[in-house]
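Trainee:
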Amino acid sequence: FQSDPINSALDSVAAVPAAAGGDTLVAEVAAKDTKQAELEKEEEEEDDSMRILCLHGYRQTGSSFRQKTGAFRKLVKKTTNTFRTIRYDFIDAPHLVDSPSAADVDLSGVSNNSGLLCLTGGSAGTERAWWFSKPTGGFNASEQSDWEHGLEESLKLVVAQLRKHAYDGLMGFSQGAAMAYIVLRHLENEEPSLLPKFAILFAPFKSPCSGHNKYYDKRVDTPCMVVSGEVDKVIPREMTEALLPTFGQLSFFGHPAGHIVPAKAEHRTKYLSFINLFDKRPPR
Numbered sequence: 014f015q016s017d018p019i020n021s022a023l024d025s026v027a028a029v030p031a032a033a034g035g036d037t038l039v040a041e042v043a044a045k046d047t048k049q050a051e052l053e054k055e056e057e058e059e060d061d062s063m064r065i066l067c068l069h070g071y072r073q074t075g076s077s078f079r080q081k082t083g084a085f086r087k088l089v090k091k092t093t094n095t096f097r098t099i100r101y102d103f104i105d106a107p108h109l110v111d112s113p114s115a116a117d118v119d120l121s122g123v124s125n126n127s128g129l130l131c132l133t134g135g136s137a138g139t140e141r142a143w144w145f146s147k148p149t150g151g152f153n154a155s156e157q158s159d160w161e162h163g164l165e166e167s168l169k170l171v172v173a174q175l176r177k178h179a180y181d182g183l184m185g186f187s188q189g190a191a192m193a194y195i196v197l198r199h200l201e202n203e204e205p206s207l208l209p210k211f212a213i214l215f216a217p218f219k220s221p222c223s224g225h226n227k228y229y230d231k232r233v234d235t236p237c238m239v240v241s242g243e244v245d246k247v248i249p250r251e252m253t254e255a256l257l258p259t260f261g262q263l264s265f266f267g268h269p270a271g272h273i274v275p276a277k278a279e280h281r282t283k284y285l286s287f288i289n290l291f292d293k294r295p296p297r
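Heads up, the sequence shown is in the numbering used here, so the first residue is 14 and it goes up one at a time.
(1) Kindly indicate which residue of Lys87, Leu68, Gly70 and Lys81 has the alpha-carbon position closest to the one of histidine 280.
(2) If you follow the alpha helix (DSSP H) that histidine 185 is in, where does it begin and where does it stop?
(3) Between the alpha carbons of glycine 224 and serine 264, how many angstroms are there, rounded?
(4) Comparing alpha-carbon positions, which option in Pro236, Cys222, Lys219 and Arg97 lies nearest proline 209?
(5) Could you tell me the alpha carbon to alpha carbon distance between leucine 66 and leucine 207, rounded to whole angstroms?
(6) Would tryptophan 160 be called buried (16 or more neighbouring beta carbons within 10 Å of its own) or exposed?
(7) Relative to the C-alpha of lysine 147, which candidate in Gln157, Tyr180, Gly83 and Arg141 has its C-alpha closest?
(8) Give me, in chain order, the residues of the same chain whose beta-carbon lies closer than 8 Å to that of arginine 100; leave out the 5 immediate sequence neighbours on both sides.
(9) So, under 8 Å CB-CB, lysine 219 and leucine 256 are touching, yes? Tell me the CB distance rounded to an integer number of Å.
(10) Do you know offhand how far asparagine 94's Cα is from leucine 109's?
(11) Could I get the ranges of all uninterrupted beta strand (DSSP E) runs contained in the segment 215 to 249, with 3 residues as the minimum, in chain order?
(12) Checking 8 Å against the spacing of the C-beta atoms, do phenylalanine 85 and valine 274 come in under that value?
(13) Helix, strand or coil for arginine 176 per DSSP?
(14) Determine which residues share a DSSP beta bridge with tyrosine 71 and list them.
(15) According to the Cβ coordinates, are aspartate 105 and threonine 74 closer than 8 Å?
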């Protein structure tokens with residue numbers, strides 16, 4: 014027979030005068046119980062959270078995208094229907110980017126001081142890509158190409174991640190948004206059981222690689238919010254607008270800034286009004 018250590022501790026306290034520290038021990042045991050209850054509550058909330066898989070842009074990493082979307086995640090951290098916590102998971106694209114050439118288009122972001130989120134790339138030697146459009150290993154979203162490398166590996170990686178968890182949403186920025194679109198088309202055709210309920214795509218565009226045309230022969234039926242900057246110099250509004258007819262269920266959010274993730278207080282309602290459409294608690 015083994016005694017319960019907590020009950021034994023309480024029994025010992027009952028026999029110890031307060032002056033000898035009995036009150037202190039009781040407080041320590043109570044604090045331990047409270048801490049355990051808090052941990053159990055956090056685990057329960059995490060299990061019940063809305064989960065979104067996030068795909069970074071060209072020359073970013075999952076870590077840099079997480080860091081640079083801090084303001085957005087703080088802005089959109091809980092649903093307003095059931096107040097579920099929104100959990101954002103970030104992964105790295107599988108392909109390392111060599112030192113960019115002058116011909117590469119920088120899809121990592123631009124500077125801005127207006128309270129809108131600006132996205133920068135990862136540190137040198139760690140920047141990644143979902144695929145390349147040039148034999149030299151570069152990528153340019155605005156130049157048509159008959160050459161491509163890396164998409165299949167990236168598709169396998171993202172699908173493998175979607176198998177690990179039941180994701181409610183998919184979120185991507187720039188090349189990551191273009192990747193998310195291709196993932197949706199693949200899943201709708203091949204693995205519908207893995208489809209998220211929705212997607213949020215910042216500055217998406219059609220792949221410039223002719224070998225990817227098969228992903229645009231039918232529309233995407235998954236509900237999507239598409240976000241585009243009016244003065245985006247990297248992915249101009251017209252590049253994103255060219256993709257809009259291929260969405261079956263579209264919510265479009267145009268903002269006046271550039272190649273960014275808008276994260277001002279007034280944008281919260283825009284995001285949550287869309288996300289709340291899919292805010293249903295999973296069955297226990």
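We treat Cβ as the ideally placed atom computed from N, Cα and C, and that holds for glycine.
Mentor: By the coordinates alone:
(1) Lys87
(2) At residue 185 the sequence reads glycine, which differs from the histidine that was named. Taken as a continuous stretch (DSSP letters only), glycine 185 belongs to no alpha helix (DSSP H), being part of the beta strand (DSSP E) at 182 to 186.
(3) 28 Å
(4) Pro236
(5) 12 Å
(6) exposed
(7) Gln157
(8) Glu59, Ser62, Met63, Arg64 and Ile65
(9) 5 Å
(10) 40 Å
(11) 237 to 242
(12) yes
(13) helix
(14) Answer by DSSP bridge pairing: none, since tyrosine 71 is not bridged.
(15) yes
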